[in-house]
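Engineer:
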Amino acid sequence: MTWRGLAALLGGILCLLLTPVQASIWSGSDSPPVVLAAGPLLDLADRIHGSFGLRFGLDEYYFYGRMFFLVYLAAIAGLVSLHALQSGGGPGERVWFRVVLAGLVVALAGDIVAYWGGSGDISESPVQGMGFTIEMLGILAMLIGSVFYGRVTLRGDAVPDWVAWLLMVAGPAAVPVVFLANYIPHGAVLPFSLAMAIVGYFLLTRDVGSHRRM
Numbered sequence: 032m033t034w035r036g037l038a039a040l041l042g043g044i045l046c047l048l049l050t051p052v053q054a055s056i057w058s059g060s061d062s063p064p065v066v067l068a069a070g071p072l073l074d075l076a077d078r079i080h081g082s083f084g085l086r087f088g089l090d091e092y093y094f095y096g097r098m099f100f101l102v103y104l105a106a107i108a109g110l111v112s113l114h115a116l117q118s119g120g121g122p123g124e125r126v127w128f129r130v131v132l133a134g135l136v137v138a139l140a141g142d143i144v145a146y147w148g149g150s151g152d153i154s155e156s157p158v159q160g161m162g163f164t165i166e167m168l169g170i171l172a173m174l175i176g177s178v179f180y181g182r183v184t185l186r187g188d189a190v191p192d193w194v195a196w197l198l199m200v201a202g203p204a205a206v207p208v209v210f211l212a213n214y215i216p217h218g219a220v221l222p223f224s225l226a227m228a229i230v231g232y233f234l235l236t237r238d239v240g241s242h243r244r245m
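The numbering of the sequence shown is my numbering, which starts it at 32 and goes up by one.
Shown next, in the form of structure tokens:
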């Protein structure tokens, strides 16, 4: 379970870094103040793209956009680990776990189509546009499912209550974050990804503590 916890933690950090970068690429000088406040990060991202992105013939939008599938994979790893801790959670836990997992998988598939299905103007590509639509539907299922998954998790005692509250808050929190960042899918996924990152840290410290007691 250690590697899945680490993956969830790193995925949350990656999402936190990619969100202002991709939002800035999309909106440019019209980016929201909270995005422009990450000036040093944006400058670093520009230098990294200049060193590596151009070698692959990718502009900044696709260079960083194609990294986002890793965020979904990391969130899936954290979610699966959390579910494993609640093996006796009952039918409600299993149902909402599957809803959130299905949402993540659908969003992952749509994201790959949207960012890897071409490298031109995404608004002129029906295939990439379809991928984006699929991704949004997956994210919607994930965020709604997260609220209910948090509720059933709160009823159990396998994990601390704050873990359940993180899941419940992640869904509603996506709305203000999207408006603050002015970019989707990253803004919508960020609260859930950060929740999974904190869960990942909990899993890591839990495993380390178990090994020490042994």
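The beta-carbon is built from N, C-alpha and C at its ideal position, and this holds for glycine as well. Since this is a predicted model, take the numbers as computed values, not measurements.
Where does Phe99 fall in DSSP's three states?
Structural biologist: coil
Engineer: Give every residue of the same chain whose Cβ lies closer than 8 Å to the Cβ of Leu135, excluding the five residues on either side of it in the sequence, and list them in chain order.
Structural biologist: Tyr103, Ala106, Ile107, Leu110, Gly169 and Met173
Engineer: According to DSSP, simplified to helix, strand and coil, what is Val190?
Structural biologist: Coil.
Engineer: Between the alpha carbons of Val190 and Pro216, how many angstroms are there, rounded?
Structural biologist: 29 Å
Engineer: Can at least three beta-carbon pairs, one atom from the segment 207-215 and one from the segment 142-158, be found at a separation below 8 Å?
Structural biologist: no
Engineer: Going by C-alpha distance, which of Leu37, Leu113, Ile229 and Gly81 is nearest Asp188?
Structural biologist: Leu113
Engineer: Leu163: buried (16+ other C-beta within 10 angstroms of its C-beta) or exposed?
Structural biologist: According to the sequence provided, residue 163 is Phe. The question's Leu does not apply to it. Label assigned to Phe163: buried.
Engineer: Is Trp34 closer than 8 Å to Tyr214 when the C-beta atoms are compared?
Structural biologist: In this structure, Trp34 does not lie closer than 8 Å to Tyr214 by Cβ.
Engineer: Compare the Cα-Cα distances from Glu91 to each of Ala39, Ser55 and Leu132 and report the closest residue.
Structural biologist: Ser55
Engineer: In the structure shown, what three-state DSSP assignment does Ser156 receive?
Structural biologist: coil
Engineer: If you reduce the DSSP assignment to three classes, tell me which class Tyr214 lands in.
Structural biologist: coil
Engineer: One question on the structure: do Leu225 and Leu47 come within less than 8 Å of each other, judged by their Cβ atoms?
Structural biologist: yes
Engineer: With DSSP as the reference, label Gly231 as helix, strand or coil.
Structural biologist: Here Gly231 sits in helix by DSSP.
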